[in-house]
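In the UniProt record's numbering, the protein residues as written are 1 to 410.
Backbone N, C-alpha and C fix where the C-beta goes; we use that ideal spot for every residue, glycine too.
The structure under discussion appears below in the form of structure tokens.
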Amino acid sequence: MTAELIPPPDLTFADTRRSSLKQLEAFIPRASKYGRDRNHVVPGHTNVSRLSPAIRHRLLLESECAEAPRTRYAASTVEKFTQEIYWRRYWKAWLSLRPQVWTSYLEELEHWRTDHETLERANACEEGRSRIAIMNHFANELIKTGYLHNHARMWFAGWWIHIERLPWQLGADFFFRHLLDGDPASNTLSWRWVAGLQTPGKTYLPRRSNLEKYLTPEVLEKHAEGLELLEKPTPQQPEAVTKPAVTRPSLEDSDAPSDGPIALWLHEEDLLTEQGPLSSLKPHHIIAAGNRAGWKEHRFAPGKIEWLERAIQDGARRSEEHFETSAEVDTRRPLAESLTQWANDHRGGQIVALRPEVGPLHDQLPDLRTKLRELDVSLRLVDRPEDLDLRPLATGGFFNFWKKFQASRD
């Protein structure tokens with residue numbers, strides 16, 4: 001299909017805490033209309049906060065994003081916005097209890113990458129060469145901006161799986177490579193949900209009527225070719241669905257730092273070390289290191305890497321000011337090199353960090369521990385209390401989680 005694509009909106013996404021707070025403040029007046037407007041996909045996406053990259057990497061905490069609109073509106077008025085914030089935390093908690101789902105996804109993804117015929121079809125869809133023009137438009141927007149509206153993500157995933165009959169794992173990988181807010185939990189599990197794996201028997205189908213209702217007309221009219229294929233979609237039902245068991249009901253205890261040299265490790269999973277359980281730490285040094293090997297392994301897009309580098313640099317500046325010690329920013333070398341260099345110079349010391357959630361960085365922890373132990377340096381991981389409180393609430397579906405969360409706040 002060679003139809004000319006409408007250029008994607010010129011979007012910017014806050015990559016510092018200061019700019020994230022300003023964007024949150026600017027959104028507050030619109031938060032009361034979020035429940036009404038959030039499903040509409042409009043140029044510039046001004047009806048949603050566009051704070052998901054900042055929340056995903058914790059330039060902002062979920063709690064402060066949820067509380068900010070409540071200074072102006074009743075909790076019931078902004079409940080949909082609050083729920084949307086905590087969907088991400090729910091997915092993280094769910095996957096933390098069942099890490100084997102992430103491991104299985106990676107294994108299945110590797111399998112599909114060796115299926116050259118399927119991979120060629122998937123590449124055509126990623127490159128905007130499919131039968132449905134609007135999906136080509138969404139693929140282009142994702143690549144150019146690192147973002148898609150949540151409703152567009154659902155349409156795209158439903159089309160990928162149920163219309164093109166492509167493996168959901170390849171689609172999840174496409175999103176994860178490009179989305180600035182790409183999260184191992186919310187991305188992987190949302191694709192599983194669309195495919196009918198997350199909630200057995202429930203799939204998500206992209207319907208022409210739904211696109212016509214929620215997508216701005218000028219975009220839909222420009223990309224109308226192929227919409228007839230969405231008239232009566234039929235689901236691609238998974239062959240067998242088994243409910244993933246809880247295999248990690250509890251985490252290993254958080255390690256309290258002991259005497260001796262301490263380095264604070266600031267990483268991309270949580271860039272707000274100056275707030276939370278590490279805020280009173282007295283580190284001798286700060287290592288702000290990017291997961292370069294993980295970025296390469298998962299083939300992150302250049303724009304995504306650039307955003308991560310800027311966010312890490314911002315976290316380093318804030319941490320340096322708060323902890324009143326020097327910070328070394330290292331996003332170019334493999335993570336193991338960044339940490340072991342300090343360890344080699346401070347044998348008998350310890351590296352302290354907030355615990356990464358299940359995902360690429362978490363996957364590297366066993367190897368990191370081994371290498372650091374060889375240098376007589378311990379890796380001590382600390383959990384945010386609010387994460388530990390929410391984790392056991394994710395044994396079932398989201399609304400059961402939400403009900404328990406609400407009860408815990410009363």
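Query	Result
Below 8 Å on the Cβ atoms is my contact criterion, and I expect P235 with H162 to pass it. Report the Cβ-Cβ distance as a whole number of Å.	5 Å
With a threshold of 7 Å on Cβ separation, who are the neighbours of P233 within its own chain once the five nearest residues in sequence on each side are excluded?	H162, I163, L205, P206 and R207
Would a C-beta distance cut-off of 8 Å place Q350 and S378 closer than the cut-off?	yes
Assuming Q23 and A14 form a contact by the criterion Cβ under 8 Å, report the distance between their Cβ atoms to the nearest whole angstrom.	5 Å
Could you check where the alpha helix (DSSP H) with I305 kicks off and where it finishes?	P302 to F323
List the endpoints of the continuous alpha helix (DSSP H) containing I55.	S52 to R56
Looking at V48: is its Cβ nearer than 8 Å to the Cβ of H137?	no
Mind reading off the beta-carbon distance from L51 to S20? Whole number of angstroms is fine, and I expect it under 8 Å.	6 Å
Please classify D183: is it buried, with 16 or more other beta-carbons within 10 angstroms of its beta-carbon, or exposed?	buried
Just the C-alpha distance for G260 and G348, rounded to the nearest angstrom, thanks.	7 Å
Please state if the CB of A195 and the CB of P238 are separated by a distance shorter than 8 Å.	yes
Any idea what DSSP makes of D115, helix, strand or coil?	coil
Helix, strand or coil for E108 per DSSP?	helix
Using alpha carbons as the reference points, say which of R131, A172 and R153 lies closest to L109.	A172
Using alpha carbons as the reference points, say which of R318, S254, G303 and S258 lies closest to Q275.	R318
Could you tell me the distance, in whole angstroms, from the CA atom of Y34 to the CA atom of E25?	15 Å
Measure the beta-carbon distance from A304 to L180 and round it to whole angstroms, keeping in mind my assumption that it falls under 8 Å.	Sequence inspection shows Lys at residue 304; the Ala mentioned does not correspond to that position. 6 Å between Cβ atoms; contact.
Does DSSP put I132 in a helix, in a strand, or in coil?	coil
With distances taken between CB atoms, is the gap from A293 to L266 smaller than 8 Å?	no
Which stretch, first to last residue, makes up the beta strand (DSSP E) that contains H285?	H285 to A289
Using a 10 Å radius around the Cβ and a threshold of 16 neighbouring Cβ atoms, would you call E268 buried or exposed?	buried
Alpha helix (DSSP H) containing S408: first to last residue?	F398 to R409
Report back the beta-carbon spacing between S254 and D383 to the nearest angstrom; my notes put them in contact at under 8 Å.	5 Å
To the nearest angstrom, report how far apart A66 and P244 are at their CA atoms.	30 Å
What is the rounded straight-line gap between the Cα of E320 and the Cα of G290?	17 Å
State the Cα-Cα distance for the pair E231 and N210, rounded to the nearest angstrom.	10 Å
Leaving out five residues before and five after E386 in sequence, what residues of the same chain have Cβ atoms less than 7 Å from its Cβ?	S63
Specify the secondary structure class of E268 as computed by DSSP and reduced to three states.	coil
What is the DSSP secondary structure of D330, counted as helix, strand or coil?	strand
Who are V41's beta bridge partners in DSSP?	L215
If you run the structure through DSSP and keep just helix, strand and coil, what is L197?	coil
Can you tell me whether Q341 is helix, strand or coil according to DSSP?	helix
Would you kindly work out how many angstroms separate the C-alpha atoms of L278 and Q364, rounded to a whole number?	22 Å
Please report the distance separating the alpha-carbon of L106 from that of A157.	18 Å
Applying the criterion that 16 or more other CB atoms from any shown protein chain within 10 Å of the CB defines a buried residue, is F405 buried or exposed?	buried
Based on Cα-Cα distance, which residue from I28, R18, I132 and C125 lies nearest to residue 417?	As displayed, the chain neither begins before 1 nor continues past 410, which places residue 417 out of reach and without an answer.
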